[in-house]
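Peer 1:
Numbering (our numbering), first residue to last: 6 to 196.
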């Protein structure tokens, strides 16, 4: 189910990407190799997934072949088990995918919406979990942390002078602010 809230993840990713350029996490030349795309279709999965297609809500792709490396799947009407199946498909079928972020929104009574996200890394047994709404107490700054090598396929050469362990942190409070505005357009409020 598409809604303003469902689609806000694209605006958040774009906003964080602008910050990455401002702080020199990415240079403009590096962004000619690492692109942020929204809802593009991937349908060239190998056997046994050859009849499957996926349209992640946000995806970072690398190089001229647009190899997906980091992607976000958002579920509003989609169940959590279904999102987990999507994550498994990406990791099993696409060896260039390093990170899958799942965002789950749940509409509750009285127009209240709860949400959380989990960041899954290839070969990491435990995902990072962040509650979006309700805001955890006591409130504290939260970030979603990426490493530089998350955005490059295995075996790719990083730009000269760059460490694979450089960190890029996305501001969760920024996501909360943008989501609150999107909810109001959809006639909802944060839980």
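For glycine and all other residues, C-beta sits at the position ideal for the given N, C-alpha and C.
Between the beta-carbon of residue 92 and the beta-carbon of residue 50, is there less than 8 Å?
Peer 2: no
Peer 1: Suppose you measure from the CA of residue 122 to the CA of residue 135; what does that come to, to the nearest Å?
Peer 2: 5 Å
Peer 1: Considering only their Cβ atoms, is the gap separating residue 39 from residue 156 smaller than 8 Å?
Peer 2: yes
Peer 1: Straight-line CA distance for residue 85 to residue 110?
Peer 2: 10 Å
Peer 1: What are the boundary residues of the alpha helix (DSSP H) that residue 86 is part of?
Peer 2: 85-98
Peer 1: For residue 107, count the other beta carbons within 10 Å of its own beta carbon; 16 or more makes it buried, fewer makes it exposed. Which is it?
Peer 2: Residue 107 should be labelled buried.
Peer 1: Can you list, in chain order, the stretches of the beta strand (DSSP E) that have 3 or more residues and sit fully within the segment 11-60?
Peer 2: Qualifying beta strand (DSSP E) stretches, in chain order: 39-42.
Peer 1: Please check the pair residue 127 and residue 118, which I expect to be a contact at CB under 8 Å, by giving their CB distance rounded to whole angstroms.
Peer 2: With a Cβ gap of about 30 Å, residue 127 and residue 118 do not count as contacting.
Peer 1: On the DSSP bridge assignment, give the partners of residue 195 in chain order.
Peer 2: 118
Peer 1: CA-CA distance, residue 6 and residue 12?
Peer 2: Low confidence applies to residue 6: its pLDDT is 45, below 50, so where it sits in the model is not reliable, and the reading given next is rough at best. So the alpha carbons of these two residues sit roughly 10 Å apart.
Peer 1: Quick check: the Cα distance between residue 32 and residue 98, rounded to an integer number of angstroms?
Peer 2: 30 Å
Peer 1: Measure the C-alpha to C-alpha separation of residue 175 and residue 130 and round it to an integer number of angstroms.
Peer 2: 22 Å
Peer 1: My guess is that residue 140 and residue 184 are in contact by the Cβ rule of under 8 Å, so how many angstroms apart are they, rounded?
Peer 2: With a Cβ gap of about 11 Å, residue 140 and residue 184 do not count as contacting.
Peer 1: Assign residue 185 to one of three DSSP states: helix, strand, or coil.
Peer 2: helix
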